[in-house]
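Asks: Okay, here's the structure, questions in a sec.
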């Protein structure tokens with residue numbers, strides 16, 4: 044219940060802030076599309092529909108995001124980075140990232156390594172299902188457009204008898220202005236879950 048109350052409070056706070064903002068600027072800065080009273084926003088390989096009347100969030104193809112994903116979506120709209128920086132940064136480089144790093148590692152990086160260390164090629168199959176583009180980094184690395192102006196990179200280094208398998212999750216530098224460290228910890232954990240399921 045404590046987590047539910049926290050997320051509900053975060054959602055309502057974000058809604059209050061959004062009501063004070065110019066919708067056209069939010070849409071332009073987020074890379075979304077305004078259709079009537081709805082914002083259409085790409086989230087990996089799905090499209091979220093956000094009502095500008097009450098800021099509710101549903102998926103275009105049915106259902107709705109889980110509560111923490113809804114909060115991240117609204118916070119991204121508020122952050123509205125406007126463009127990619129085309130420069131990768133680590134989670135620790137985000138303001139507050141050092142403080143939240145243990146949470147980020149536990150929610151995102153450690154599960155990523157556990158999930159694919161015995162079958163790294165499965166990462167390629169999962170990445171493909173989410174629109175990942177393979178890039179030259181580590182033994183296996185993929186870029187994903189999580190939001191229109193927020194790129195996420197997942198990199199994997201295969202281990203052997205002497206060196207353990209490692210992985211990392213990096214972000215385009217635009218993330219530093221778009222989302223808070225806590226949001227990115229949730230995003231990272233959710234993203235690993237999407238890889239596990241092969242869908243958002």
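Numbering (the working numbering), first residue to last: 44 to 243.
The beta carbon of each residue, even a glycine, is placed where N, CA and C say it ideally should be.
Keep in mind the model is a prediction, meaning the values are calculated, not measured.
Report the CB separation of residue 110 from residue 50 in whole angstroms; it is logged as a contact under 8 Å.
Replies: Rounded, the Cβ-Cβ distance is 4 Å, consistent with contact.
Asks: What's the gap between the Cα of residue 181 and the Cα of residue 199?
Replies: Approximately 6 Å between the Cα atoms of the pair.
Asks: Apart from the five residues just before and just after residue 142, which ones in its own chain have a Cβ nearer than 8 Å to its Cβ?
Replies: Contacts found: 224.
Asks: Check whether the Cβ atoms of residue 151 and residue 232 lie closer than 8 Å to each other.
Replies: Yes, they are a contact pair.
Asks: Specify the secondary structure class of residue 99 as computed by DSSP and reduced to three states.
Replies: Three-state result, residue 99: coil.
Asks: DSSP on residue 137, reduced to helix/strand/coil?
Replies: Of the three classes helix, strand and coil, the one that applies to residue 137 here is coil, per DSSP.
Asks: Let me check one thing: in DSSP terms, what residues is residue 227 bridge-paired to?
Replies: The partner list for residue 227 (beta bridge, DSSP) is empty, contrary to what the question assumes.
Asks: Between the beta-carbon of residue 188 and the beta-carbon of residue 163, is there less than 8 Å?
Replies: Contact: no.
Asks: Fully enclosed by the region 130-203, which beta strand (DSSP E) runs are 3 residues long or longer?
Replies: Counting only runs of 3 or more, we get 183-190, 193-200.
Asks: Below 8 Å between beta carbons: does that hold for residue 75 and residue 82?
Replies: In contact: residue 75 and residue 82 (Cβ atoms closer than 8 Å).
Asks: So, is residue 80 buried or exposed, given that buried needs 16 or more other C-beta atoms within 10 angstroms?
Replies: Exposed is the call here.
Asks: In the DSSP output, what is residue 215 paired with across the bridge?
Replies: According to DSSP, residue 215 bridges with 131.
Asks: Could you tell me whether the region 103-121 touches the region 198-216, where touching means 3 or more Cβ pairs closer than 8 Å?
Replies: Counting Cβ pairs under 8 Å, fewer than three are found: no touch.
Asks: Please report the distance separating the alpha-carbon of residue 71 from that of residue 47.
Replies: In a straight line, the C-alpha of residue 71 is about 31 Å away from that of residue 47.
Asks: So, are the CB atoms of residue 155 and residue 197 less than 8 Å apart?
Replies: Their beta carbons are under 8 Å apart, which means residue 155 touches residue 197 by this criterion.
Asks: Under 8 Å by Cβ, that's how I've got residue 238 and residue 169 pegged, so tell me the actual separation to the nearest angstrom.
Replies: With a Cβ gap of about 4 Å, residue 238 and residue 169 count as contacting.
Asks: Roughly how many whole angstroms lie between the Cα atoms of residue 148 and residue 227?
Replies: Each residue's alpha carbon lies about 11 Å from the other.
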